[in-house]
Structure formats: C-alpha cells, structure tokens
Amino acid sequence: MKFAAVLKRDAPSRGGDISLIVCVCLMVVFGCVMIYSASSYVGKVQYGDSFYFVKKQVLGAVAGGALMVFFCFFPYKKLEKFRYIAIAVAVVLLALVFVPGVGVTNYGATRWIGFGGLTIQPSEIAKYAFALFAAAYFSKNAKKVRTVRGVLPVLGVGALLCVLVILEPNMSITMCLGMLMLALVFLSGANLKTFAIILVPCILAVPALIIAEPYRLQRLSAFLDPWSSPQDEGYQLIQSLYALGGGGLFGVGLFNSAQKYRFLPFAESDFILSVMGEELGFFGLLIFFAACAFIVWRGLRIARRCADRFGYLLAAGFTLVYGIQVVVNALVVSGTIPPTGLPLPLISSGNTSLVITMASMGVLYNISRGQGSPRPVNIKSARAV
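According to the working numbering, the sequence shown is numbered sequentially starting from 12.
Encoded structure:
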C-alpha cells in the first residue's frame with residue numbers, strides 16, 4: 012500500500028501552522044527572561060555583567076530565528092539530498108571533540124568544540140542529523156523495515172553516534188539518541204518481532220553503560236539516596252529539590268529565587284527548570300508543560316497530516332527530539348532518574364541547542380504548509396506500509 016493512500020487529504024491550504032511558530036517564539040522570549048533571572052547574580056559576580064548569559068542567548072535567538080525563517084520556506088523535500096552530508100558533518104564534529112586544542116572540557120566532560128570565542132556542542136546537531144538520515148532511509152526502503160537486516164543501516168549510524176557521544180562522556184544525549192532511534196524504527200512500520208529484537212539489546216545496554224563508569228555508579232547511588240552525600244554527588248539533586256519544594260503552588264515570584272545565588276549549580280542551563288519551579292510554582296510549571304505539550308501535539312499533527320512518507324517521518328523525528336529532551340530534563344530535575352547534564356530545549360542557556368531547535372521548528376512549519384484536513388488514519392494500515 013502506498014503511503015499517500017494511507018494519509019488521504021482534502022484540498023490543501025496555502026498557510027502553515029503559524030500557531031507552532033508563535034508558541035516557539037514565545038518560549039524563546041520566556042527562556043531569555045528565565046535565564047536572566049537564574050544567571051544575573053552569577054553573571055555579575057563572575058563576569059561583571061548581570062546580562063552576560065542573556066546577551067549570549069539573544070545572539071543565539073537571532074541566529075536561530077534567521078534559520079527558522081529560512082527553513083520555513085525552504086522545501087523540506089530537498090533536505091533528503093543532504094542526509095549523508097548531515098551524518099558526515101555530525102560524525103566529524105563529534106570526532107573533533109577529542110582533538111586536543113579543539114575540544115573544550117568542562118567539569119570533567121569534553122562535549123564542545125571551540126573556534127576562537129565560539130563553542131559548539133556537536134551532540135545537539137547529531138540528534139537532528141540522525142532524524143533526517145533515518146527519515147530519508149525509511150522513506151526509500153519502506154519494505155525493508157520488516158526485518159532486522161533492513162533496519163541495520165539506521166541502527167549502525169545510530170550506534171556510531173551513540174558511541175561517539177558516550178565517549179565524551181554524555182549519558183543523557185546517548186539515551187535521547189537511543190530512544191529516538193527506537194521511536195523512528197517503530198514509526199517506520201517495523202513489525203513487533205523486529206522491534207522487540209532491537210529493543211532488548213538497547214534496554215540491556217543501559218545498566219552496562221552505568222556499570223562501565225564509576226562516576227555513573229556514584230550518581231546512581233546519589234540518586235537513590237542523595238542525602239548520603241549532601242556535599243558531593245547528591246548536592247545538585249538536593250538543591251534542585253529545595254528549589255522545586257520552595258516554590259509551592261504559586262512560587263516565590265519572578266526574579267526572587269534563592270537557589271540561584273550559587274546554591275544550585277547550572278541554574279541557567281541544565282537545571283533552569285528548578286528555578287522556574289521555585290519562582291513560578293506548581294501551577295507555573297503546569298502552564299509551561301502545557302506549552303511544551305502543545306508544540307509536541309502540533310508537530311505530531313503535522314506528521315500525521317503529511318501525505319509523503321519522508322515528510323511524515325521527518326516531522327515525527329524532529330518533534331520527538333524536542334519532546335524526549337523535555338521529558339528527560341524534567342525527570343532529571345525532579346529526581347525521577349539519576350542526574351545528568353541535558354539542556355531544556357528553547358529555554359536553557361546554550362546557543363547550539365537553541366539555534367538547531369529553532370531551525371527544526373522552521374522545518375516543521377514548512378512541512379505543514381499546503382496541508383489540508385486528513386481523514387482519520389487507520390493506524391494498523393499505516394504501520395503495514
């Protein structure tokens with residue numbers, strides 16, 4: 012059955028999903044406000060400028076906005092031609108992390124490459140490069156996904172990226188890549204037997220990776236009982252819980268966080284959600300997560316409405332990158348899973364994540380252009396493509 016026959020459409024419309032772009036822009040502005048709140052003290056003390064981190068974020072927002080506008084009108088089908096280039100660039104950038112003088116090390120992890128005053132986090136690029144490659148491969152090899160052998164190219168590329176990322180080390184992005192790979196294999200139409208054969212080794216790899224590095228075992232121990240090492244491995248999680256608990260239902264008020272005064276490490280980046288919880292409270296976080304869910308819903312809706320297989324998988328993949336990262340960050344900050352470094356998309360300080368995420372949202376908008384209202388999709392038929 013051809014994919015176009017599965018997703019039947021009515022007459023197309025000329026406009027795209029403008030509500031998605033509006034929501035993304037509002038999230039970026041909100042992120043800048045929260046970065047100022049979380050980093051103003053550290054910026055003033057460490058760099059002599061309370062707007063230090065905000066200025067960097069605004070530059071990233073401008074660059075990301077330009078790319079988002081570009082991809083809003085760049086025909087997404089042409090991206091299929093760049094699948095090998097995207098993966099090659101991602102692999103080269105990830106490899107450059109280990110080159111002395113190029114790779115930048117912070118807090119025992121080498122996750123960035125530096126060119127003058129510019130730093131790039133290649134793992135953020137790798138996630139979207141993989142989503143593009145997988146969407147292109149599965150769109151051209153629809154029948155092959157029914158066997159393990161048929162999905163091996165995607166698994167091989169995903170495994171290569173995961174190995175390079177885990178060597179940095181970066182467990183959180185490795186997990187995000189793994190979940191993205193499994194999700195795209197499932198959405199491509201792989202049967203349950205093939206999916207199970209792939210899923211089991213992936214699940215077994217998680218405890219193996221934790222055992223392989225002593226620091227991961229220490230983090231796991233701190234996660235299980237953070238108060239057993241309140242000044243060491245458990246410190247960050249305890250401070251995060253203090254922030255979330257201190258916010259109560261309605262928060263202490265914007266700009267009034269106490270944890271940002273160097274009690275909570277990485278308050279402007281990986282743990283900015285803790286500051287949000289402290290200042291805006293439980294209901295503030297509910298509104299924020301509703302906005303995140305709206306972006307995910309619109310992205311998956313765009314995927315469902317797309318009449319061609321490549322656009323469907325590309326929209327689903329880009330949406331899942333965003334959604335998975337939001338969920339993992341929230342689980343880390345709340346102490347549901349062991350602590351690990353991972354930015355909150357569109358909110359955390361960090362230009363690589365911001366720019367590439369905004370660009371991906373432009374691609375989603377482009378896919379949404381010209382879509383009409385589809386008839387209800389038969390899920391079983393769609394997976395049998």
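All residues carry an ideal CB built from backbone N, CA and C; glycine is no exception.
It should be emphasised that the depicted structure is a prediction, and the values quoted were computed from it without experimental measurement.
So, for residue i: in the same chain, excluding its five sequence neighbours on each side, which residues have a beta-carbon less than 8 Å away from its beta-carbon?
i, result
"A74", "N362, V366"
"F93", "L143"
"L210", "L193"
Comparing alpha-carbon positions, which option in the options lies nearest residue i?
i, options, result
"S360", "V115, M38, L193", "M38"
"I283", "G26, S51, I32, G71", "S51"
"A101", "V44, P133, V80, L31", "P133"
"K88", "A304, L342, V113, A146", "A146"
"L311", "V332, F299, G295", "V332"
"V196", "Y148, I214, S240, Y253", "Y148"
"W123", "S364, A99, L325", "S364"
"F266", "A49, Y63, F274", "A49"
"V337", "P276, L325, M186", "M186"
"A137", "F109, T158, L175", "L175"
"L191", "L166, T205, G346, L203", "L166"
Taking C-beta to C-beta, are residue i and residue j nearer than 9 Å?
i, j, result
"V35", "Y47", "no"
"L357", "V339", "no"
"E290", "G328", "no"
"V374", "G334", "no"
"Q242", "S285", "no"
"G127", "V113", "no"
"V156", "A207", "no"
"S183", "T351", "yes"
"F321", "E179", "no"
Can you name the start and end residues of the alpha helix (DSSP H) that residue i belongs to?
i, result
"Y87", "Counting along the chain, Y87 falls outside any alpha helix (DSSP H), and DSSP gives it neither H nor E."
"W308", "283-316"
"Y52", "29-53"
"F277", "From DSSP, F277 is part of no alpha helix (DSSP H); its letter is neither H nor E."
"Y333", "320-344"
"L365", "362-379"
"T347", "From DSSP, T347 is part of no alpha helix (DSSP H); its letter is neither H nor E."
"F261", "Unbroken run through F261: none, as it is neither H nor E."
"G189", "182-198"
Note down, in chain order, each residue of its chain lying with its Cβ closer than 7 Å to the Cβ of residue i, except the 5 sequence neighbours on either side.
i, result
"D28", "R309, I313, Y376, S379"
"A170", "none"
"P164", "Y148"
Below 6 Å CB to CB, which residues in the same chain sit around residue i once its five sequence neighbours on both sides are set aside?
i, result
"A15", "Per-residue confidence for A15 stands at a pLDDT of 41, beneath the threshold of 50, marking its modelled position as unreliable; no derived number is given."
"S371", "Y139, F329"
"G26", "none"
"F41", "none"
"I390", "Low local confidence applies: a pLDDT of 40 at I390 is under 50, so the model's placement there is unreliable, with the coordinate-based value given in what follows. Taken in chain order, the list of residues that qualify is empty."
"I131", "I124, T363"
Return the chain-ordered ranges of every beta strand (DSSP E) run that is complete within the region 89-166 and spans a minimum of 3 residues.
114-117, 120-126, 129-131
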